[in-house]
Ligand code: ADP
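Numbering (the numbering used here), first residue to last: 226 to 744.
1) Taking Cβ to Cβ, would you say residue 576 is nearer than 8 Å to residue 536?
2) With respect to 7 Å, is the separation between the Cβ of residue 707 and the closest non-hydrogen atom of the ligand ADP below this value?
3) Below 8 Å on the Cβ atoms is my guess for residue 678 versus residue 654; work out the distance and round it to an integer in Å.
4) My assumption, with CB atoms under 8 Å, is that residue 424 sits in contact with residue 484. Please give the rounded CB distance.
5) Check the DSSP bridge columns for residue 251 and list the partner residues they point to.
6) How far does the beta strand (DSSP E) with residue 582 in it extend, from its first residue to its last?
7) So for residue 678, helix, strand or coil by DSSP?
8) Could you check if residue 521 belongs to the surroundings of the ligand ADP, using beta carbon to heavy atom distance under 7 Å?
9) Please confirm whether any heavy atom of the ligand ADP lies closer than 7 Å to the CB of residue 543.
10) Report the partner residues of residue 724 according to the DSSP bridge assignment.
11) Measure the beta-carbon distance from residue 626 to residue 663 and round it to whole angstroms, keeping in mind my assumption that it falls under 8 Å.
12) Does DSSP put residue 636 in a helix, in a strand, or in coil?
13) With a cut-off of 8 Å, do at least 3 Cβ pairs link the stretch 347-362 to the stretch 258-276?
14) Using only CA atoms, which one of 433, 700 and 695 lies nearest to residue 467?
15) Determine the direct distance from the alpha carbon of residue 451 to that of residue 503, and round the result to whole angstroms.
16) Can you tell me whether DSSP reads residue 323 as helix, strand or coil?
17) Would residue 410 be called buried (16 or more neighbouring beta carbons within 10 Å of its own) or exposed?
18) Any heavy atom of the ligand ADP within a distance shorter than 7 Å of the CB on residue 698?
19) Rounded to a whole number of angstroms, what is the C-alpha to C-alpha distance between residue 298 and residue 326?
20) Counting C-beta neighbours from all protein chains within 10 Å, is the total for residue 321 16 or more, i.e. buried, or is it exposed?
21) Using DSSP with H/G/I as helix, E/B as strand and the rest coil, what is residue 170?
22) In this structure, how does DSSP classify residue 384 when only helix, strand and coil are distinguished?
23) What are the partner residues of residue 397, as DSSP defines its beta bridges?
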C-alpha cells in the first residue's frame with residue numbers, strides 16, 4: 226500500500242469544505258498505477274494508491290474518497306470482490322467506484338453494476354475521459370459535503386433559536402403579519418391552555434381578540450412596543466388580563482410579529498388594591514387637613530381673642546400705675562417708687578408682646594395679599610423713616626444697591642425690612658452699625674440681603690431665632706422675640722422664605738426670597 230501520493234489535504238477551518246478531495250487508485254500493476262496517477266494529477270486532488278484489494282479496503286477504513294478507480298483484474302481478491310467488500314462497509318457504502326477493465330463483456334458489466342459500480346473505464350484509458358468523469362465525482366462530493374454542513378448549521382441554529390424561545394420568561398408567539406401563529410414556546414401552551422399543535426396555524430386573535438399588528442420597522446428591525454394590557458382568552462373560554470409586548474421584524478422573505486404575553490392577573494389585583502389604598506389615604510388626608518385647618522383656625526381665634534382681651538387689663542394696669550405715680554409720686558419712698566416703676570415697665574412690655582402677637586396672628590391669618598408694583602428702594606425709605614430715632618441715636622449708615630421693583634405687597638416688604646434694619650441696629654457691635662441692602666436675581670426669584678456688622682449669631686440658633694417669642698441674650702436688649710417670626714410669616718405670605726447666614730463676631734446677613742414670576 227502506498228499512501229498519499231500527491232496533492233494535499235488542506236482544509237479551511239473545522240467546518241469548512243476541504244479544498245481537495247481524495248481519490249483512490251487501485252491496480253496491481255505498478256506501471257498502470259503510475260500511468261493512472263499521471264492522468265489524475267492535473268486535477269490537483271489528493272491521490273492515494275493501493276496495489277491490491279486488501280490495501281484498498283484498509284484505506285477505505287480511514288478515508289472518505291470522492292471516487293475509487295478500481296482495476297477489475299487483480300490477483301487474489303479481484304476488483305469485483307474488492308468492490309463488494311467496499312460496499313459492505315458503512316463508511317464507503319456510497320463511494321463512487323469506477324471499474325477499469327480491458328474487456329467489454331456484458332456479463333462483466335452487469336456484475337459490476339450489480340456491485341454498485343457507477344461507471345466503467347475501458348483500457349487503454351483516454352485521459353480526458355477519465356479526468357472528466359473524476360472531476361464530476363469530486364464536484365459531487367464537494368456539493369454533498371457543503372450540503373451536509375449547511376444542514377448541520379441550520380439544525381444547530383434552529384436548536385439555539387428554540388432554546389432561546391423556551392428560555393423566555395413569557396409566553397412567546399411568532400406570527401405572520403396577519404396574526405397566524407407560526408411558532409410558540411411551552412409557556413404559550415400553558416398560558417392559553419392549548420397543545421402546541423393546537424396553537425400552530427391558529428390566528429392569534431382567538432387568544433388575544435384585540436391583537437393588532439404594530440407598524441413595522443425596517444428590514445430585520447425589532448422595535449418592541451411598550452407593554453400594553455389586553456384581555457386574553459384561554460382554550461376553555463375563560464379570560465384573563467395579559468401584559469402584551471409586540472415586536473415586529475422582517476426577514477428578506479416576509480414580515481413577522483413576536484408577541485410576548487404574561488398573565489397580569491395578580492398585577493391587576495395589586496393595582497386595584499393600591500388604588501383603593503390611595504383613595505382611602507387621600508380621603509384620610511383630606512379629613513385630617515380639614516381637622517387641622519379647623520383646629521388651627523380655632524387656635525388662631527383663641528390666640529387672637531386672648532391677645533386682644535388681655536390688652537385691656539394690661540392697658541388699665543399701665544394707666545393706673547401711671548396715675549398712681551403722678552398722684553402720690555412725691556409721697557412714695559424710694560423702694561415703693563422702684564416697685565411702681567417695675568409695674569409700669571412690665572405692663573409696657575406685656576402690652577408690646579400682645580401687640581406683636583396680634584400682628585403675627587394677623588399675618589398668619591391673612592389670605593392672598595393685594596399685589597402692586599413695589600419699589601424696594603422706596604420700601605427701605607419707609608422702613609428707615611419709622612426707625613429715624615434709632616438710626617440717629619446709633620449713628621447707623623444704610624446703603625442700598627440694585628434693589629428691584631417687584632409685583633408684591635408693599636406693607637409686608639416694609640414690615641420685613643423694618644424688622645431686619647431694627648435688629649441690625651439693636652444687635653450692633655461696638656462699631657456704629659453699617660447696613661448694606663442689596664438684591665440678586667435668579668431665573669425665578671429675587672434674593673434680597675440685609676447685611677450688618679453686628680454681633681453675629683451662632684449657627685446653632687439659625688432656626689431657633691425665627692420661632693415665636695424666641696430671643697437670645699434678652700437681658701441686654703429689649704424686645705418681644707417676635708420680630709423674626711413676623712418676618713418669616715410675611716416672607717411666606719409673599720410666596721418666598723427667609724434665612725440667615727452669620728458667625729459670632731462677624732456680622733449677619735439675613736436674606737429673603739421674593740418670587741419674580743410676574744415681575
Ligand atoms: P427680638 O429682637 O425682639 O429679640 P427677633 O425675633 O427680632 O426678636 O430676634 C430674635 C433673636 O435673634 C434676637 O433676640 C437676637 O438675639 C437675634 N437676632 C436677630 N437679629 C439679629 C442680628 N441682626 N444680629 C444678631 N442677632 C440677631
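Heads up, the beta-carbon is just placed ideally off N, CA and C, and yes, glycines get one too.
So, from the listed chains and residues:
1) For the purposes of this step, residue 576 is taken as residue 351 along the chain shown, with counting starting at 1. For the purposes of this step, residue 536 is taken as residue 311 along the chain shown, with counting starting at 1. Taking 8 Å as the Cβ cut-off, residue 576 and residue 536 qualify as a contacting pair.
2) By 1-based counting over the chain shown, the position of residue 707 is 482. Because some heavy atom of the ligand ADP lies under 7 Å away, the Cβ of residue 707 counts as near it: yes.
3) If you number the chain shown from 1, residue 678 lands on position 453. If you number the chain shown from 1, residue 654 lands on position 429. At roughly 6 Å, the Cβ-Cβ gap stays under 8 Å, so residue 678 and residue 654 are in contact.
4) For this step, residue 424 is matched to residue 199 along the chain shown. For this step, residue 484 is matched to residue 259 along the chain shown. The Cβ separation is near 12 Å, so there is no contact.
5) Walking along the chain shown from the start, residue 251 turns up at place 26. Bridge partners of residue 251: 275 and 295.
6) Here residue 582 is taken as the residue at index 357 of the chain shown, counted from 1. It is not in any beta strand (DSSP E) - residue 582 instead sits in the alpha helix (DSSP H) that spans 559-590.
7) Your numbering for residue 678 matches position 453 in the chain shown. Reduced to three states, the DSSP call for residue 678 is coil.
8) Here residue 521 refers to the residue found at position 296 when the chain shown is read from its first residue. Checking the Cβ of residue 521 against the ligand ADP gives no.
9) Within the chain shown, residue 543 is the residue found at index 318, counting from 1. Because no heavy atom of the ligand ADP lies under 7 Å away, the Cβ of residue 543 does not count as near it: no.
10) Residue 724 sits at position 499 when you count from the first residue of the chain shown. According to DSSP, residue 724 bridges with 736.
11) One-based indexing of the chain shown puts residue 626 at position 401. One-based indexing of the chain shown puts residue 663 at position 438. Right, the Cβ-Cβ distance comes to about 4 Å (below 8 Å), so this counts as a contact.
12) For this step, residue 636 is matched to residue 411 along the chain shown. Three-state DSSP puts residue 636 in a helix.
13) yes
14) Taking the first residue of the chain shown as position 1, residue 467 is located at position 242. Comparing Cα positions, the closest option is 433.
15) Position 278 of the chain shown, counting from 1, holds the residue named residue 503. Position 226 of the chain shown, counting from 1, holds the residue named residue 451. C-alpha separation (whole angstroms): 25 Å.
16) Looking up residue 323 in the chain shown gives position 98. Strand at residue 323.
17) Taking the first residue of the chain shown as position 1, residue 410 is located at position 185. Its Cβ being crowded by 16 or more others within 10 Å, residue 410 is buried.
18) Working through the chain shown from its first residue, we reach residue 698 at position 473. For the ligand ADP, at least one heavy atom lies less than 7 Å from the Cβ of residue 698.
19) Within the chain shown, numbered from 1, the residue matching residue 298 stands at position 73. Within the chain shown, numbered from 1, the residue matching residue 326 stands at position 101. About 7 Å.
20) As a working note, residue 321 is residue 96 in the chain shown. It counts as buried.
21) This structure cannot speak to residue 170, because the chain is shown only from 226 to 744.
22) Counted from its first residue, the chain shown places residue 384 at position 159. Looking at residue 384 - three-state DSSP - the assignment turns out to be helix.
23) Taking the chain shown and counting its residues from 1, one reaches residue 397 at position 172. Per DSSP, 485.
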